Structure formats: structure tokens, C-alpha cells
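Q: The structure under discussion is supplied below as C-alpha cells; questions concerning it will follow.
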């Protein structure tokens, strides 16, 4: 019987395999950031261990960094200490670091692909759940905890239970590819499979709806696999993938011969079977807006907010969850999404802060002004994205419209740097999590695509971007 | 293992409410513990005692890979989470660092056990006894793999069986 792409990558990385034991899996690339690594390095020191493969380990700082003027000292002492700690750890253990002043600094999941560090068929780990992003290149990319970070630093391997396989087939063609985006596809998938729908599985996204997407868009899809509960998300590499990675700063010297073998090897066999399947038809899908406090609580932009009964389908816990979410979000069932007014707009994060995201959002902004009741910011995913956008003049479009144009980092996605919502503030956000307090204590998050966020900034409330001329 | 239940009867308790992002810079575990569950239940610290268990619904610990989540709970004295299901990274983090036991339960245990109930967990028999109500439920056994990591006392102490 044939094998899935996941099974092929897994099997080619097994170091030790025994019945009823976890498999010991070799790790090709380890990405490190300032938040989940300090205790791991402390553990190495305590046990007098070295980093096994510093040459396969790459670090940057993204979670804590301020996104304002970097020539100024950092005001938050604890963040400053955590950043200094990463600098010292990288120096002590001989690890390449893209620090706060590096032109390659950025969100770890944005810089990996941009630098050609993310490669098809490889295993990639990082102490961050959104590591699944790298799966867009046909890499098996897993988010791990700090104990596992330490284990990989020490051994370049991990003991892992083999996940199950989950085929998510995206069929059809979007009618308006500017208005209905990759973000809307992945939010639709999570709305349907639920936040635990992918638990214990690696999702492979397949079908015409996926192969039509650009690499930036595919990364948005794989990025949010974790919000559907999956261990990872994968897309088989194709010519778009190979073109993207050609001639990057760290692209391997023997790249073309690698491409030749990837072309043959890195695909799911036609007779392979998956443990689970879900099919989404995207011919008629609408822009999505989350209304609740997890990414599964999402509806179409032209729908009203569902009642807890409608949402829960008779499941008492789901009903309670929806009631609590509506209370937290200060929303009532039946309210039309387009009638929801917003206070803040955040275009950024590892989900939607790549060049294409900024280009698409800028088309809506051009020649317009942010609504007087809204404050809006754009935080490019990396310094490289920022530079490319500035070369295209996108910064001017955003600044002229009264958006703030910031330095690269995780920013307002996760409320651990100065970019946070105040209690009660409502934000149209291109990030990945709308959990209670995620963007700051008491903050209210609506997950949307970059074009939906941009249109909300201009209008002061959500609008159906299908009504706008986006070409 | 014997202790009392703190029950959160809802699904999808995420790592951002277990330990909000602003505290991921805190390296002192005792201090981290003072912020556990801050995003969900401001009264958690007045309730929690050494040896307590948390009972909750589906997909417990979803979200971020932050190991700070099981660390903060374990340093409050929480010895186990009983839930209908767990998000995988939280589950592995709990076991890898030997912070607490993630125990999957069935609906009858979820419905039968109330806030404050005293229960006894016998992992060797895969059994949960509700002492307060004199009821017994099955827990889902750990997979062989996870059981071995738990028995070893965490990921760094685990060694595969020798032939």
C-alpha cells in the first residue's frame, strides 16, 4: 500500500524504532526564540551538556521585542533580561542569532522560509505552537515545549509518538481571490472540524484550492493547523515551493539536485489512505470573522452572530462556552457582523504579516483614511518583509492613511510586549488566537484576513470586502 | 493519589488563560504559580491546595506551546488534570517535565464528579474513586509510551527498554 507524504518524512527520520516505544526522530532544523528557551539552556548547563548541532540551530528574538524605535532602550526590564539571556546563551553555545538589530530579525516562522532555512522533506521544531507554518513547504514542522527544546539542543532528536494522518481536501475555486483569502479558508476549516478536530494528527492539505495558493497563502493555512488541534500541517511541495526557496541566503549549494529528488519523493502516493478526511468546497465561501473566544467560533461576514443554542447543536459544554464567549466579547446573538464597531486594527503576526498580506491590505487603504474612532497598526513579520514593503512604497500608503508602521515582531498577537489592547477594546486582528486576554487583559479579538482588517480600519466596523473593488 | 477537585465545566481551556502571555518572562516558578489561571478564575488561588486536581471538559490546554502552563499549575500544588481530552503539546509538556498527570476521563466521571469532591486516583488500576460520593469511574489508560515516560520521571530520565 502507498504512503502519505507525512509517513515518508517520518520514516526517513527514524533513528530508533521499537514496538510499543516512541520513535526517536532526527531533527533537521531547530529554531529558537527568547521565551521558551532560557530554561532549556539552563538545563544544559546544569548537566554539563553542549548543543549537539549548533550548525542546525538558529535563533531570533520576536515575542518580547518592542516594535517601536529600536535605537531607544527597552523600557520593560524583564523583556530586556530575556533578550539579553538569549544573546548570552547563543554566544555560550555557538548558535547563530539574528538579534534585534539584524536585517534578518523577525518572527521565527516568517524568517525561516525567507532565509531558505525551511526545506521540503525536513523535520523542523521550535518551542512555539505555530511552527506548523513551515509545513507549507512540505516540511514536518512541530511545535514543542521547553523540555523537548532542551532534548533537541542536547541530542538533535526527539522521542515522539507517531501521529495519525488527516486529509483536508480543499476543492473548487474562489470567485474573488482578493476578497476571499487563505485566512478565510483555514478559518472555515477550523469552524467545521472544531478546535480539537485535528488532535493527534498531522493534516495534509490537498486539492485544487490549495495548489492554487501562493507560498505566502499556504503558510497562512499551515500556520493555523494548531488551532484545529493538529500536531502539524503539511502541503506537498511543487514548483511554486521550489521557486520560492531558490537563491535565498541559506539555500543549500546543491539545491537543484535536492529539488530533483524532492520532485520525485515528496508526495502522497495515489493509493495511500488517511486515518481521517474532511472536504471543504470553496466555490462559495465568504470572508470569515470570529465572534467568540476560540477560532472555531467563527461565521461568515454576512451572517448574524449565532445564538448559543444554534452554535452548540445540543452540546451543553459548547453552549456554556458560547454564552461565556458572548459575555466576554460583549456581543448579542443576532447582531450582524457588519454592525460590529471596532477600536483597534492589528495587521501582523506569523499568520498574516508577509509581503503579500501587506500588498493586499494596502489596496484597500490606498487614498483612504483610518476611521477617526480607530487606531490601526501594521507590523511586518520580519525586517526583510518591512524592507521589501518599503521598497514598494507600501509604508507610505499605510502611513498616509494614519496606520502606524512598525518594526518586526510578534507584537499584538500575544500580549507579552508593549503592544496590547486595553480592557474592553475591540480589535480586528489578522493573528491566530482570539482567546480571552490573548491580546491583553480584557481585550476582545476578532480574527480576520488582512483585507478584512484593512477595510474595518477605514470604515470603523466590519464590511464585506466582496463589495469592494479590489483588482 | 488523593485530593480534592476544582471543576471548570467547559471545553477549550487554553494556555493563555492558564498563564497569560505577560508572565512568560517570569523565570521564578513560585512567582509564576501566583498567576496560574489568572485569565479564567481570579479566585483560583484562594481555592487551590497542595494535592488538588482540576477537572475540565474537552481540549484542555489548547493553544501555545508554553511549558509555563503545566509548570504554573504544578507549582500551585495541582497534581493532576482530569479532562475529557487534552491538546497534545500541553499533554506532552505535563509528562515531559513530570509536572503533573494529564488524565483522560469519560463522560460519566466528568458528570459524576463535582467541585470539592475528594477523589483517589489509582493509575495502576486505571481507576478513579469518588470518596465523597462513593462512586468509581474508569480513567483512560496512558498509552504504553506515555506510561513509560511518566514511570521514568520525565523525558530526560526516559530510556527505551534494552533488548
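Residue numbers (the working numbering), protein chains in the order written: chain S, 1 to 471; chain X, 1 to 163. Where a beta carbon is used, it is the ideal one built from N, C-alpha and C, also for glycine. Nothing here was measured: the structure is a model prediction, and the numbers come from that model.
List, in chain order, every chain X residue whose beta-carbon is nearer than 8 Å to that of residue 294 of chain S.
A: 12, 14 and 62
Q: Counting only Cβ pairs nearer than 9 Å, list the residues of chain X close to residue 38 of chain S.
A: One finds 27 in chain X with Cβ atoms closer than 9 Å to the Cβ of residue 38 of chain S, taken in chain order.
Q: In its own chain, which residues sit with a C-beta less than 6 Å from the C-beta of residue 123 of chain X, not counting the 5 before and 5 after it?
A: none
Q: Using 8 Å as the threshold, is the C-beta distance between residue 245 of chain S and residue 119 of chain S below it?
A: yes
Q: Can you pull the DSSP bridge partners for residue 16 of chain S?
A: S/24
Q: Do residue 100 of chain X and residue 141 of chain X have their beta-carbon atoms positioned less than 8 Å apart in this structure?
A: no
Q: Mind checking residue 279 of chain S: buried by the 16 CB within 10 Å criterion, or exposed?
A: With fewer than 16 other beta carbons inside 10 angstroms of its own, residue 279 of chain S counts as exposed.
Q: Verify the CB distance criterion: does residue 306 of chain S have a CB-CB separation below 8 Å to chain X?
A: no
Q: Can you find a C-beta in chain X that's less than 8 Å from the C-beta of residue 21 of chain S?
A: yes
Q: Taking the alpha carbon of residue 175 of chain S as the reference point, which residue from S/196, S/209 and S/37 has its own alpha carbon closest?
A: S/209
Q: In chain order, what residues of the segment 166-199 of chain S put their CB closer than 7 Å to some CB of chain X?
A: Listed by position, the residues of the segment 166-199 of chain S near chain X (Cβ gap below 7 Å) are 195, 196 and 199.
Q: Would you kindly check if the distance between the Cβ of residue 287 of chain S and the Cβ of residue 306 of chain S is under 8 Å?
A: no
Q: Using a Cβ-Cβ cutoff of 8 Å, what residues of the segment 129-146 of chain X are near chain S? List them in chain order.
A: 143, 144, 145 and 146
Q: Pick out whichever of S/430, S/374, S/12 and S/434 has its Cα sitting closest to the Cα of residue 457 of chain S.
A: S/374
Q: Would residue 130 of chain X pass as a contact of residue 117 of chain X if the rule is Cβ separation under 8 Å?
A: yes
Q: Hey, is residue 462 of chain S's beta-carbon within less than 8 Å of any beta-carbon in chain X?
A: no
Q: Can you list the residues of chain S that residue 22 of chain X reaches, using a CB-CB cut of under 7 Å?
A: 415 and 416
Q: Does the Cβ of residue 69 of chain S have 16 or more other Cβ atoms within 10 Å, making it buried, or fewer, making it exposed?
A: exposed
Q: What does residue 158 of chain X touch in chain S if you count any residue whose Cβ is under 8 Å from its own?
A: Residue 158 of chain X reaches chain S at 159, counting residues in chain order whose Cβ is nearer than 8 Å.
Q: I'd like to know if the segment 265-283 of chain S and the segment 157-170 of chain S are in contact, where contact means that at least 3 CB-CB pairs between them fall below 8 Å.
A: yes
Q: Roughly how many whole angstroms lie between the Cα atoms of residue 25 of chain S and residue 155 of chain X?
A: 14 Å
Q: Taking residue 141 of chain S as the reference, give the member of S/409, S/353 and S/31 with the closest Cα.
A: S/31
Q: Taking residue 35 of chain S as the query, report the chain X residues whose CB atoms sit under 8 Å from its CB, ordered along the chain.
A: Within chain X, the residues near residue 35 of chain S are 24, 25 and 66.
Q: Assuming contact is defined by CB atoms lying nearer than 8 Å, are residue 114 of chain S and residue 61 of chain S in contact in what I supplied?
A: Contact: no.
Q: Just grab the DSSP bridge partners of residue 4 of chain X for me.
A: X/118
Q: Taking residue 138 of chain S as the reference, which of S/43, S/95 and S/7 has the closest Cα?
A: S/7
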